[in-house]
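Enquirer: Submitted below is the structure of interest, expressed as structure tokens.
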Amino acid sequence: MNPLSRQKLAATLFERFEGNPILTAEMWPYPINSVFNPGAIRVNGEVLLLNRVEDLRGSSHLTCARSKDGLTNWVVDESPSMRADPSNKEELYGLEDPRIVWLEEQRQFAITYVSFSEGGPIVSLAITRNFKTFARLGGLLPPEDKDACLFPRRFNGRFALIHRPVVRGEAHIWLSLSPDLKHWGDHRVLLKTRIAFWDGARIGLACQPIELPEGWLILYHGVRVTTSSQLYRTGMALLDKNEPWRVLRRGEEWILGPKEPYERIGDVNDVTFVSGGIIMEETNSLYIYYGAADDKVAVAVADLDRVREYIMGCPQVEGP
Ligand code: BMA
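For reference, each letter of the sequence shown is one residue, going 782 to 1101 in our numbering.
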């Protein structure tokens, strides 16, 4: 695809829901400062968002909201669904930015979230059947690590985790493998920041990997540091279906960035932070849920065939 038609497609791929923002602090059944960066999954025909909720002390916990159509009539849990356990040093300063995936073998949902430990942010894993009780499997890798999600199944007998450690001050996206969800190894860089691009300063996984016939669609956020702010935008890549440590394609342009007032102004200006994605088979569309300016939740919708056309029109990639 020629770059101009591809850029045109990228700019019109997602349409923001006209009822955005869909979740705000004012809608909450108990006093909070903000709600943002939700994990998203379909459960019993409903869309469930596991939201990061910042309380009035500035510490975060996770709370569920459910909707039949994924857009309107959200019902929010009366109290926090998953709180930080203060006796656990791993969770000392709160729980943030969950990503959710259905583990086919375990027949349970896996939630990878950032726990703010004594030593800095780490990725922790919890599993659940009902989003009411959660079994904590602990921290996965040393700090500083964020923006992580598992794939729904094993590859050659091993689970795969996408995550974002910070090494020598560099924030690239990595993939690691494990035989048991506890011991992780074969760490490798999957995608790197790109100098002078919109994703030049830091990158991190956005929502859970989305399975397409062509491979695993990866949405990731990229940060550009400017004199007035840090712009958080979202782009796309495609990984091999059977060997997801192989990157097949990577978009050059972003497909979502701060534009609307609710994305530009908030607790942290100019942030669109995608953390949940859902395929709506009924309408052949992809819904992406994101934190807007770090204090509310919004949703944007794309036609799945256009997403596939876009990613297959993106350049092929040699190495990270
Ligand atoms: C990142 C994370 C996100 C947040 C974003 C923008 O480092 O901490 O939770 O949405 O910054 O402030």
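Note that the Cβ used here is the ideal one computed from N, Cα and C, for glycine as well.
Note that the structure is predicted; figures quoted are calculated from it, not measured.
For the stretch 823-830 and the stretch 841-860, state whether three or more C-beta atom pairs, one from each stretch, are separated by less than 8 Å.
Expert: Yes, the stretch 823-830 touches the stretch 841-860.
Enquirer: Along the chain, where does the alpha helix (DSSP H) that runs through I1147 open and close?
Expert: Here the chain comprises residues numbered 782 to 1101, so residue 1147 is not present and cannot be evaluated.
Enquirer: Would you say the beta carbon of L1054 comes nearer than 7 Å to a heavy atom of ligand 1?
Expert: For clarity, residue 1054 is Phe in the given sequence; the question names Leu instead. Correct: F1054 has its Cβ closer than 7 Å to ligand 1.
Enquirer: Could you name the residues of the same chain whose beta carbon sits closer than 6 Å to that of P1039, not counting the 5 residues immediately before and after it, in chain order?
Expert: Within the same chain, P1039 has close Cβ partners R1045, D1051 and T1053.
Enquirer: CB-CB under 7 Å to Q889, same chain, minus the five flanking residues each way: which ones, in chain order?
Expert: I908, T909 and R910, listed in sequence order.
Enquirer: Quick one: give me the first and last residue of the beta strand (DSSP E) that K1102 is part of.
Expert: This structure gives no information on residue 1102, because the portion of the chain shown stretches from 782 to 1101.
Enquirer: Please confirm whether I1060 and I991 have their CB atoms less than 8 Å apart.
Expert: Yes, the pair counts as a contact, with Cβ atoms nearer than the cut-off.
Enquirer: Within the continuous beta strand (DSSP E) that includes R1030, where are the two ends?
Expert: Residues V1028 to R1031.
Enquirer: Assign H1002 to buried or exposed, taking buried as 16 or more other Cβ atoms, counted over all protein chains shown, within 10 Å of its Cβ.
Expert: It is buried - the Cβ of H1002 has at least 16 other Cβ atoms within 10 Å.
Enquirer: Checking the sheet assignment: what are the DSSP bridge partners for C845?
Expert: Beta-bridge pairing links C845 to L831.
Enquirer: Suppose contacts are defined by Cβ-Cβ distances below 8 Å. Is A1079 in contact with Y1068 by that definition?
Expert: Taking 8 Å as the Cβ cut-off, A1079 and Y1068 do not qualify as a contacting pair.
Enquirer: Just the Cα atoms here: how many angstroms apart are L1017 and P960?
Expert: Checking the sequence, you will find Met at residue 1017 rather than Leu. Rounded to whole angstroms, M1017 to P960 spans 28 Å at the Cα level.
Enquirer: What are the boundary residues of the alpha helix (DSSP H) that Y874 is part of?
Expert: Segment: none, Y874 is in no alpha helix (DSSP H) and carries neither H nor E.
Enquirer: If contacts are defined as beta-carbon pairs under 8 Å, then W1035 and T1008 qualify, I think. What distance do you get, rounded to the angstrom?
Expert: At roughly 20 Å, the Cβ-Cβ gap does not stay under 8 Å, so W1035 and T1008 are not in contact.
Enquirer: Suppose the cutoff is 8 Å on Cβ atoms and the five residues either side in sequence are ignored; what does the same chain contact list for A806 look like?
Expert: Within the same chain, A806 has close Cβ partners I813, N814, S815, V816, D1076 and K1077.
Enquirer: Is any heavy atom in ligand 1 found nearer than 7 Å to the beta carbon of G1072?
Expert: Indeed, a heavy atom of ligand 1 lies less than 7 Å from the Cβ.
Enquirer: Considering only DSSP beta bridges, list what V1049 is partnered with.
Expert: DSSP lists no partner for V1049.
Enquirer: Of the residues L962, D967, V947 and W965, which one's Cα is nearest the Cα of G985?
Expert: It is V947 whose Cα lies nearest to the Cα of G985.
Enquirer: Can V1049 be considered in contact with ligand 1, in the sense that its beta carbon sits closer than 7 Å to one or more heavy atoms?
Expert: True, at least one ligand heavy atom lies under 7 Å from that Cβ.
Enquirer: Roughly how many angstroms lie between the CA atoms of R1031 and Q1097, to the nearest whole one?
Expert: The straight-line gap from Cα to Cα measures roughly 7 Å.
Enquirer: Please classify Y1013: is it buried, with 16 or more other beta-carbons within 10 angstroms of its beta-carbon, or exposed?
Expert: Answer is buried; the Cβ neighbour count reaches 16.
Enquirer: What residue does the alpha helix (DSSP H) around T793 start on, and which one ends it?
Expert: Taken as a continuous stretch (DSSP letters only), the alpha helix (DSSP H) holding T793 covers P784 to T793.
Enquirer: Can you tell me which of Q887, D1021, H953 and L876 puts its alpha carbon nearest to the alpha carbon of I893?
Expert: A quick correction: the sequence has Thr, not Ile, at residue 893. Checking every option, the nearest Cα to that of T893 belongs to L876.
Enquirer: What are the complete beta strand (DSSP E) segments, minimum 3 residues, inside the stretch 980-1068?
Expert: Entirely contained in the stretch 980-1068, the beta strand (DSSP E) runs reaching 3 residues are, in chain order, 983-986, 991-993, 996-1006, 1011-1020, 1028-1031 and 1053-1061.
Enquirer: Whose C-beta lies closer than 6 Å to the C-beta of L962 among residues of the same chain, with five residues either side of it excluded?
Expert: F940, listed in sequence order.
Enquirer: Restricting to Cα atoms, I'd like to know which of E1033, Q989 and A1073 is closest to Q788.
Expert: Nearest of E1033, Q989 and A1073 to Q788, Cα basis: E1033.
Enquirer: If you draw a straight line from the alpha carbon of L1019 to that of N937, how long is it in whole angstroms?
Expert: So the two alpha carbons sit approximately 19 Å from each other.
Enquirer: Do the stretch 895-903 and the stretch 866-876 meet, that is, are 3 or more Cβ pairs less than 8 Å apart?
Expert: Segments in contact, yes.
Enquirer: Classify A865 as helix, strand or coil using the three-state DSSP reduction.
Expert: Residue state, collapsed to three classes: coil.
Enquirer: Taking the alpha carbon of P1154 as the reference point, which residue from E1041, A977, R1027 and Q887 has its own alpha carbon closest?
Expert: Because residue 1154 is not part of the residues shown, which for the chain are 782 to 1101, the question remains open.
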